[in-house]
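Step one of this worksheet: look at the structure below.
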Amino acid sequence: MPKRLIGLVLVLPALAVILLLFIVPLAASVVGAFEEKNSYGLGNFTKAFELYRSDVMFTVMIVSLSTVLIGLFSIAIGGYLTLGENPRAVAILRWLYRWPMFIPFIVVGQVLRTFLAKNGLMNNMLVGAGIITPLQAASFLDWRGIVIAFVWKQTPFVTLLVAGAMASVDRGTIEAARNLGASRLRILLEILVPQVTTTLMVGLVLSFVTMMSVLSVPLMINAQSPTMITADIAFRINAYGDYGVANALGLISLAVTACVAWFYLRHSMKERA
Amino acid sequence: MDNGTFLRIAGLSAGYGATRVLERLDLDIRKGEFVALLGSSGCGKTTLLRAVAGFAKPSAGSIIVAGRDVTRLPPDRRGMAMVFQSYALWSHMTVGQNIGYGLKLKGLPRTEIAQRVGELEEMLGLTGLGSRKPAALSGGQRQRVALGRALAINPQILLLDEPLSNLDARIRLKVRHDISALQKRLGITAVHVTHDREEAMVMADRIVIMDAGRIAQQGTPEEVYNRPASPFVAAFMGAENVLELSGNVDASAVAIKAGANNHRCLLPLGGRTLESGMFEARFRAEAAELMTGDAPAGAPGQALELSGRVEAASYPGGIWRHSIRIGEAQILVDAPRPFEHGSAVRIRIPAEKLFLFNTRSAHERPHAHSLHDGRKGRVLEASET
């Protein structure tokens with residue numbers, strides 16, 4: 001057998017897996033999104049927008065807000081890990097911040113549900129401490145709960161990337177700024193963050209895509225309307241067997257993540273230019 | 001305290017964890033002086049510079065600038081600016097933004113910053129490059145941007161951490177002169193860390209040779225080159241040919257005893273501090289004169305003469321370099337013409353170019369201690385530069 005053919009044979013299993021488990025189902029979903037009773041058209045999309053327009057907006061807002069907060073927290077934590085002058089505090093923070101990464105979304109949802117509910121742990125503590133009265137206790141199990149869950153779960157991941165990138169920045173560039181009199185905050189914002197922008201963007205884009213696809217958190221924390229697209233997709237399929245609208249909603253969320261990816265690519269192209 | 005002292009380092013100790021890098025080091029630097037800290041890697045020269053700059057915390061001692069104790073002050077309050085070995089330019093800022101950053105931090109108005117940056121760019125030959133990013137500059141240009149960034153804030157003291165080691169050999173020669181000329185013109189006090197002997201010689205008013213966290217010798221380039229105070233300094237300054245001799249010392253002369261390969265000779269003491277006994281003799285390859293074995297003997301009392309055999313000759317340019325065996329020892333000697341392999345030769349070393357030190361077996365040096373163990377290794381390291 002010629003050498004080139006052997007190469008192809010070796011690649012074949014991997015190729016088959018991608019084709020059968022990824023390309024074909026994706027194509028089927030895309031086609032399914034345009035399938036109506038006897039023909040093809042945009043009916044599923046019209047229906048999806050009629051029923052779930054506010055959910056799409058809700059999803060985009062929640063995930064965007066979470067992404068911004070994750071970015072801010074990861075810069076703050078990464079910055080302290082890099083510039084912090086108290087070695088013990090830095091060591092403790094370095095040890096602590098990674099834990100949420102190892103906890104599944106469903107557990108995060110469960111934990112926050114018991115913590116944020118109207119008679120949950122958080123309100124009990126606040127009432128016990130005399131900060132609020134029992135009448136003032138409010139449930140956080142709405143959009144705020146989802147944002148808290150997302151930020152709590154995804155910040156360590158982005159921080160891991162950002163802190164790694166910050167650690168590999170030439171210390172001289174930090175010392176040169178200190179030498180000229182820059183405060184630590186200025187060093188963080190004007191020297192460190194600009195040097196790790198690409199890594200930060202990659203982390204945030206990956207987080208955005210992950211959050212767009214989480215089903216357990218909205219189901220556990222916010223099972224009312226408006227909710228997130230993932231919950232709607234599950235509902236369409238489980239309650240009605242309506243794969244058409246479910247596929248249309250899936251395609252919509254794909255379009256949203258594609259926008260973010262495009263934004264990132266444009267940015268990184270500009271950086272390189 | 002000497003009135004001319006501007007930067008005083010007194011009893012400075014520093015280290016990383018349990019490792020002591022500097023041991024109670026004292027150094028006084030005058031205003032406008034260019035001092036080179038010279039030593040092989042690990043000798044503590046960079047740690048000393050970083051302690052002066054405020055990036056390394058000393059465990060003891062003080063740093064005083066113009067009578068003001070700055071030991072505990074942050075780096076920006078010491079009136080010093082540092083040029084880093086890696087240049088440490090901010091790649092996301094333009095040349096103009098890099099140079100002007102220190103002024104921006106001081107809150108100067110934008111027009112004033114632009115004017116000062118323009119002046120510096122002109123002075124450093126960077127005119128027209130102000131809007132470029134560092135990645136679009138050559139090594140020499142980046143080096144000048146780093147220098148401009150440090151000079152922009154008008155520091156009283158300029159600290160240079162091996163600023164030329166990342167440059168091509170050819171550019172380095174020019175930049176050496178550029179930096180020292182600029183330093184003289186601005187009248188700024190400069191402390192320069194380097195492991196390159198020639199660079200220190202060419203640039204500095206005073207050379208401070210460091211060894212294992214202490215100052216081995218300091219003085220003008222001519223002094224440390226011609227009157228090394230210890231075998232380590234002699235080796236570091238290029239006197240790498242080593243011989244064992246013995247002799248007697250009186251008030252004005254040293255009498256070298258005849259050995260297997262040398263005649264008895266009487267050399268003027270010439271300010272050396274020596275005691276009778278065993279000597280370590282050191283000299284440079286270019287300090288000795290090479291003659292054929294049957295050449296007439298020179299006047300005794302002016303030079304040491306050795307006899308040996310040529311083992312190899314090479315031409316590094318300008319002169320011929322010979323490897324010569326003298327008994328057990330092997331030395332390098334330069335000559336204007338090549339001598340044949342295997343031929344018997346005589347080597348004549350003028351008294352003033354022969355460095356003599358008492359060896360430890362003959363006389364225990366008062367400061368001889370564990371720091372001098374492993375000298376051999378360091379001498380070898382020094383010879384690589």
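Protein chains in written order, with UniProt numbering: chain L, 1 to 273; chain S, 1 to 385. Note that CB positions come from ideal geometry on N, CA and C, so glycine has one too. Quick caveat, the model's predicted, so the values are computed rather than measured.
query: Proximal residues of chain S, C-beta to C-beta of D232/L below 7 Å; result: Residues of chain S passing the Cβ test: none, with the nearest at roughly 42 Å.
query: Straight-line gap, A48/L to D232/L (C-alpha atoms, nearest Å); result: 10 Å
query: Beta-carbon spacing of A81/S, L159/S below 8 Å; result: yes
query: Integer Cβ distance of S66/L from V151/L, believed to fall under 8 Å; result: 5 Å
query: Proximity of Y243/L and G32/L at Cβ, strictly below 8 Å; result: yes
query: Contacts around T71/S, its chain only, beta-carbon distance under 6 Å, and the 5 residues preceding and following it disregarded; result: S62 and I63
query: Span of the beta strand (DSSP E), counted from its first residue to its last, around M211/S; result: Correcting the residue type first, residue 211/S is Asp in the shown sequence and not Met. Element bounds for D211/S: R206 to D211.
query: Residues near S253/L by beta carbon distance below 6 Å, same chain, minus five either side; result: M212 and I229
query: Where A18/S sits in the DSSP three-state scheme; result: coil
query: Separation of M201/L from V260/L, as counted between CA atoms; result: 10 Å
query: Residue from Q141/S, R68/S, Q143/S and K353/S with nearest C-alpha to E223/S; result: K353/S
query: Cβ contact check for the segment 93-108 of chain S and the segment 142-154 of chain S: 3 or more pairs under 8 Å; result: yes
query: Below-8 Å beta-carbon distance, R266/L vs any chain S residue; result: no
query: Residues from the segment 180-197 of chain S in contact with chain L, defined by Cβ distance under 8 Å; result: none
query: Other residues of its chain near Q110/L: CB distance less than 8 Å, five sequence neighbours each side excluded; result: M220
query: Own chain partners of I6/L with C-beta closer than 7 Å, once the 5 adjacent residues on each side are dropped; result: none
query: Limits of the beta strand (DSSP E) - the one that W320/S falls within; result: I319 to I326
query: Proximity winner among W95/L, H267/L, V60/L and L26/L, relative to A246/L (alpha-carbon distances); result: L26/L
query: Local Cβ density within 10 Å of D55/L, reported as buried at 16 or more and exposed below that; result: buried
query: Same chain, Cβ closer than 7 Å to L290/S, neighbours up to 5 away in sequence not counted; result: H322, V333, A335, F339, V345 and I347
query: Span separating the alpha-carbon of A177/L from that of D76/S; result: 9 Å
query: Close Cβ partners of T292/S (< 8 Å) along its chain, the five nearest in sequence each way excluded; result: F339, S343, A344, V345 and R346
query: Whole-number beta carbon distance between F34/S and Q183/S, since they are thought to touch under 8 Å; result: 6 Å
query: Through-space distance from A165/L to R50/S, alpha-carbon basis; result: 25 Å
query: Rounded C-alpha distance that separates N119/L from A89/L; result: 34 Å
query: Pairwise C-alpha distance: V254/S and M237/S; result: 23 Å
query: Listed by chain order, chain L residues near P58/S by CB distance under 8 Å; result: Result: empty, since nearest Cβ-Cβ is about 17 Å, beyond 8 Å.
query: Amino acids of chain S, ordered along the chain, whose beta-carbon sits closer than 7 Å to that of G172/L; result: F84, S86 and A88
query: 6 Å Cβ shell around Y52/L - same chain, five flanking residues per side excluded; result: D232
query: Distance between G219/S and R325/S (C-alpha atoms, nearest Å); result: 34 Å
query: Beta carbon proximity, P87/L to chain S, threshold 8 Å; result: no
query: Span separating the alpha-carbon of S370/S from that of V158/L; result: Note on S370/S: pLDDT 39, under 50, position unreliable in the model; the coordinate value appears next. So the two alpha carbons sit approximately 50 Å from each other.
query: Per-residue DSSP class, three states only, for D28/S; result: strand
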